[in-house]
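Novice: Residue numbers 518 to 963, in our numbering, belong to the letters of the sequence shown in order. Input: one structure, supplied below.
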Amino acid sequence: MSVGAAASSAVRMDDVVSLCARRGLIWQSSEIYGGINGFWDYGPLGVELKNNLKALWWQKVVRERDDVEGLDSSIIAHPRTWEASGHVEHFSDPLVDCKACKKRMRADQLDDAGACPARQGTSEHDWTPARNFNLMLKTFVGAQEDAAATAYLRAETCQSIFLDAKRVRESARQKIPFGIAQIGKAFRNEINPRNFTFRSREFEQAELEFFIHPNEREKWFEHWLDQRVAFHRALGFGDDALRVRPHRPDELAHYAKAAADIEFLFPFGWQEIEGVHDRGDWDLRRHGEFSGKDLSVTDEQTKERFTPMVIETSVGVDRTCLALLCNAYAEEKLDDGETRTVLRLPSAIAPVKAAVLPLAKKIGEPAQRIAADLRRSFNVFYDEAGNIGRRYRRQDEVGTPYCITYDFESETDGKVTVRERDSMTQERIPVEGLRAHLLDRLEKAR
Ligand code: ATP
Numbered sequence: 518m519s520v521g522a523a524a525s526s527a528v529r530m531d532d533v534v535s536l537c538a539r540r541g542l543i544w545q546s547s548e549i550y551g552g553i554n555g556f557w558d559y560g561p562l563g564v565e566l567k568n569n570l571k572a573l574w575w576q577k578v579v580r581e582r583d584d585v586e587g588l589d590s591s592i593i594a595h596p597r598t599w600e601a602s603g604h605v606e607h608f609s610d611p612l613v614d615c616k617a618c619k620k621r622m623r624a625d626q627l628d629d630a631g632a633c634p635a636r637q638g639t640s641e642h643d644w645t646p647a648r649n650f651n652l653m654l655k656t657f658v659g660a661q662e663d664a665a666a667t668a669y670l671r672a673e674t675c676q677s678i679f680l681d682a683k684r685v686r687e688s689a690r691q692k693i694p695f696g697i698a699q700i701g702k703a704f705r706n707e708i709n710p711r712n713f714t715f716r717s718r719e720f721e722q723a724e725l726e727f728f729i730h731p732n733e734r735e736k737w738f739e740h741w742l743d744q745r746v747a748f749h750r751a752l753g754f755g756d757d758a759l760r761v762r763p764h765r766p767d768e769l770a771h772y773a774k775a776a777a778d779i780e781f782l783f784p785f786g787w788q789e790i791e792g793v794h795d796r797g798d799w800d801l802r803r804h805g806e807f808s809g810k811d812l813s814v815t816d817e818q819t820k821e822r823f824t825p826m827v828i829e830t831s832v833g834v835d836r837t838c839l840a841l842l843c844n845a846y847a848e849e850k851l852d853d854g855e856t857r858t859v860l861r862l863p864s865a866i867a868p869v870k871a872a873v874l875p876l877a878k879k880i881g882e883p884a885q886r887i888a889a890d891l892r893r894s895f896n897v898f899y900d901e902a903g904n905i906g907r908r909y910r911r912q913d914e915v916g917t918p919y920c921i922t923y924d925f926e927s928e929t930d931g932k933v934t935v936r937e938r939d940s941m942t943q944e945r946i947p948v949e950g951l952r953a954h955l956l957d958r959l960e961k962a963r
């Protein structure tokens with residue numbers, strides 16, 4: 518097998534999108550009806566990848582700490598929530614329409630509008646003045662369809678964390694500083710969904726709200742920014758692909774003291790994948806006011822009451838999946854002149870950890886027994902059809918770290934060939950102990 522491959526230069530978005538559709542990672546929702554703009558489906562391999570990312574986040578942010586608790590709240594909250602949070606009044610983007618071609622755009626993204634097809638003389642659009650367009654998706658709860666029954670699909674997962682903060686703190690017997698973490702769907706009626714899953718109308722967020730004493734804002738902001746950058750580095754995002762962009766004072770929300778975006782270099786440019794914000798006491802104070810409930814706590818030492826301040830980390834699960842795919846995608850020229858597409862995903866993220874490939878159908882049975890044993894520990898793909906080289910390529914293309922080939926020699930020597938995705942090196946490993954061997958290598962590669 519030839520090694521010594523050279524990675525191709527810049528990744529093209531079209532290649533990533535077409536691989537995702539072809540191999541059942543991600544495609545447009547409601548495809549058979551022509552699709553619905555801004556909504557995406559994750560197929561058999563996509564859901565594994567996404568679940569692996571969420572599990573890793575949960576592991577790092579919740580399980581490895583004793584000062585963070587998990588939560589899974591409802592998507593629809595009391596409508597007053599969104600009045601208190603400021604979303605009903607302020608969660609809008611400036612919208613303009615072209616009077617000639619009817620194109621609708623965000624006023625701050627007009628550079629991307631292209632020429633106006635209806636005004637070929639000038640090719641410039643004839644924009645209306647900008648007006649505010651609220652991004653929250655509305656629905657009705659109960660049998661009535663009137664203003665009193667109006668509710669919102671959450672625009673961010675964090676608001677319920679604030680509503681539940683007191684109960685979580687008391688039931689989990691936590692003290693300030695402590696955090697609450699949640700992963701879940703959020704909905705925004707984006708004016709121009711675009712760049713594949715990057716800007717969607719339905720997406721997932723993984724958010725942490727960390728409640729602190731007002732004297733410790735800077736310390737915890739730095740702590741969480743460091744933690745989150747380390748998380749993305751461990752996903753394989755190097756210096757050339759990941760950067761931190763602190764917000765300028767004029768970008769900060771009026772209640773925020775500090776904020777930074779963690780940005781990834783996508784094929785379409787540097788874009789935010791995560792925000793780390795010092796939200797002050799804005800949310801708890803507002804929910805306290807609107808609900809009439811006291812959400813303050815007592816300082817253990819001074820016995821004074823205070824409203825905790827909040828440091829938030831908010832990462833887009835879909836955006837990070839997309840960053841992982843763009844970062845991992847490579848086309849390599851092999852020594853034999855062939856080109857292979859390979860997803861160099863971290864093994865913790867790879868949808869399938871190992872593929873079991875018997876060399877021929879007639880030795881399928883022992884190979885299936887190996888697959889069944891490996892499945893006790895991780896996700897395994899079994900495939901006995903077709904040329905072995907082509908089967909390897911199919912696994913490379915979806916980032917499977919190990920291919921295990923059972924051949925005729927295996928029948929007598931009790932060994933299988935383990936081929937590693939990136940180096941394409943192969944070694945003979947005894948079937949006995951194979952699961953432990955792979956588990957060890959997967960663990961070390963984390
Ligand atoms: P942007 O400026 O790109 O619209 P934002 O600053 O509004 O993003 P936040 O409200 O801070 O985003 O949300 C936190 C995270 O949620 C973002 O970093 C991003 O990863 C994710 N996110 C926000 N909007 C979308 C969307 N429309 N589609 C996919 N992910 C999103």
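Ideal placement from N, C-alpha and C gives every residue a C-beta, glycine not left out.
At a threshold of 8 Å, does Ser591 count as lining the ligand ATP (C-beta to nearest heavy atom)?
Specialist: Not so, every heavy atom of the ligand ATP lies at least 8 Å from the Cβ.
Novice: Note the first and the last residue of the continuous beta strand (DSSP E) segment covering Val685.
Specialist: Segment Cys675 to Ser688 is the alpha helix (DSSP H) holding Val685; no beta strand (DSSP E) there.
Novice: Taking Asn844 as part of the alpha helix (DSSP H), name the residues at either end of that continuous run.
Specialist: It spans Val834 to Ala845 - the alpha helix (DSSP H) in which Asn844 sits, taken as one unbroken run.
Novice: Kindly indicate which residue of Leu891, Cys843, Val564 and Ala877 has the alpha-carbon position closest to the one of Ala527.
Specialist: Checking every option, the nearest Cα to that of Ala527 belongs to Cys843.
Novice: What residue range is occupied by the uninterrupted beta strand (DSSP E) comprising Cys920?
Specialist: It spans Tyr919 to Tyr923 - the beta strand (DSSP E) in which Cys920 sits, taken as one unbroken run.
Novice: Can you find a heavy atom of the ligand ATP that lies under 8 Å from the Cβ of Thr714?
Specialist: Flag set: Cβ of Thr714 near the ligand ATP.
Novice: For the alpha helix (DSSP H) that contains Pro883, what are its first and last residues?
Specialist: First-last of the alpha helix (DSSP H) with Pro883: Gly881 to Arg892.
Novice: Taking 6 Å as the limit between beta carbons, can you name the residues of its chain near Leu536, skipping five residues before and five after?
Specialist: Answer for Leu536: no residue qualifies.
Novice: Helix, strand or coil: which one does DSSP assign to Asn712?
Specialist: Reduced to three states, the DSSP call for Asn712 is coil.
Novice: Label Asn649 either buried or exposed according to how many other C-beta atoms from any shown protein chain fall within 10 Å of its C-beta, with 16 as the threshold for buried.
Specialist: It is exposed - the Cβ of Asn649 has fewer than 16 other Cβ atoms within 10 Å.
Novice: For Asp811, which of helix, strand or coil comes out of DSSP?
Specialist: It is coil, neither helix nor strand.
Novice: Hey, out of Gly881, Arg711, Ala773 and Asp681, whose CA is closest to Tyr923's CA?
Specialist: Nearest of Gly881, Arg711, Ala773 and Asp681 to Tyr923, Cα basis: Gly881.
Novice: Are Val834 and Lys567 closer than 9 Å when you measure CB to CB?
Specialist: It is a contact, given that the beta carbons lie within the stated cut-off.
Novice: Quick one: give me the first and last residue of the beta strand (DSSP E) that Glu735 is part of.
Specialist: Careful: Glu735 lies outside any beta strand (DSSP E), inside the alpha helix (DSSP H) at Arg734 to Ala751.
Novice: Give the single residue among Arg671, Ser590, Arg945 and Lys683 whose Cα lies nearest to the Cα of Ser808.
Specialist: Ranking Arg671, Ser590, Arg945 and Lys683 by Cα distance to Ser808 puts Lys683 first.
Novice: Label Ala523 either buried or exposed according to how many other C-beta atoms from any shown protein chain fall within 10 Å of its C-beta, with 16 as the threshold for buried.
Specialist: Any answer about Ala523 is weak, because its pLDDT of 38 lies below 50 and its placement is not dependable; what the coordinates show is given next. The residue in question, Ala523, is exposed, as its Cβ has fewer than 16 Cβ neighbours within 10 Å.
Novice: Three-state secondary structure (DSSP) at Gln818?
Specialist: If DSSP states are grouped into helix, strand and coil, Gln818 belongs with coil.
Novice: Whose C-beta lies closer than 6 Å to the C-beta of Leu725 among residues of the same chain, with five residues either side of it excluded?
Specialist: Answer for Leu725: Val578, Gly696, Ala698 and Thr830, listed in chain order.
Novice: Check whether the Cβ atoms of Ala775 and Gly792 lie closer than 9 Å to each other.
Specialist: Taking 9 Å as the Cβ cut-off, Ala775 and Gly792 do not qualify as a contacting pair.
Novice: In its own chain, which residues sit with a C-beta less than 7 Å from the C-beta of Ile553, not counting the 5 before and 5 after it?
Specialist: Contacts found: Ser546 and Ser547.
Novice: Which residues bound the beta strand (DSSP E) around Met622?
Specialist: Unbroken beta strand (DSSP E) run through Met622: Arg621 to Arg623.
Novice: Roughly how many angstroms separate the alpha carbons of Ala647 and Leu612, rounded to a whole number?
Specialist: Looking at the two C-alpha atoms, the distance is approximately 5 Å.
Novice: Pro710: beta carbon under 8 Å from a heavy atom of the ligand ATP?
Specialist: Under cutoff, so the answer is yes.
Novice: So what does Asp610 bridge to, in DSSP terms?
Specialist: DSSP output for Asp610 lists Phe650 as bridge partner(s).
Novice: What runs of the alpha helix (DSSP H), each 4 residues or longer, lie entirely inside the region 524-585?
Specialist: Segments of the alpha helix (DSSP H) lying fully in the region 524-585: 530-539 and 561-575.
Novice: Are the beta-carbon atoms of Thr598 and Gln661 separated by less than 9 Å?
Specialist: Against a cut-off of 9 Å, the Cβ pair of Gln661 and Thr598 comes out as no contact.
Novice: Taking the Cβ atom as the reference point for each residue, do Asp610 and Asp625 lie within a distance shorter than 9 Å?
Specialist: Going by C-beta atoms, Asp610 is nearer than 9 Å to Asp625.
Novice: Could you have a look at Leu951 and say whether DSSP puts it in helix, strand or coil?
Specialist: If DSSP states are grouped into helix, strand and coil, Leu951 belongs with the helices.
Novice: In three-state terms, what does DSSP make of Glu960?
Specialist: Helix at Glu960.
Novice: Rounded to the nearest angstrom, how far is the Cβ of Ile921 from that of Leu874, given a contact under 8 Å?
Specialist: Right, their Cβ atoms sit about 7 Å apart.
Novice: Would Gly854 be called buried (16 or more neighbouring beta carbons within 10 Å of its own) or exposed?
Specialist: Per the 10 Å Cβ criterion, exposed.
Novice: For the alpha helix (DSSP H) that Gln912 lies in, which residues bound it at each end?
Specialist: Taken as a continuous stretch (DSSP letters only), the alpha helix (DSSP H) holding Gln912 covers Ile905 to Glu914.
Novice: Three Cβ pairs or more, each shorter than 8 Å: is that satisfied between the region 805-825 and the region 751-770?
Specialist: No, because fewer than three Cβ pairs between the region 805-825 and the region 751-770 fall closer than 8 Å, the two stretches do not touch.
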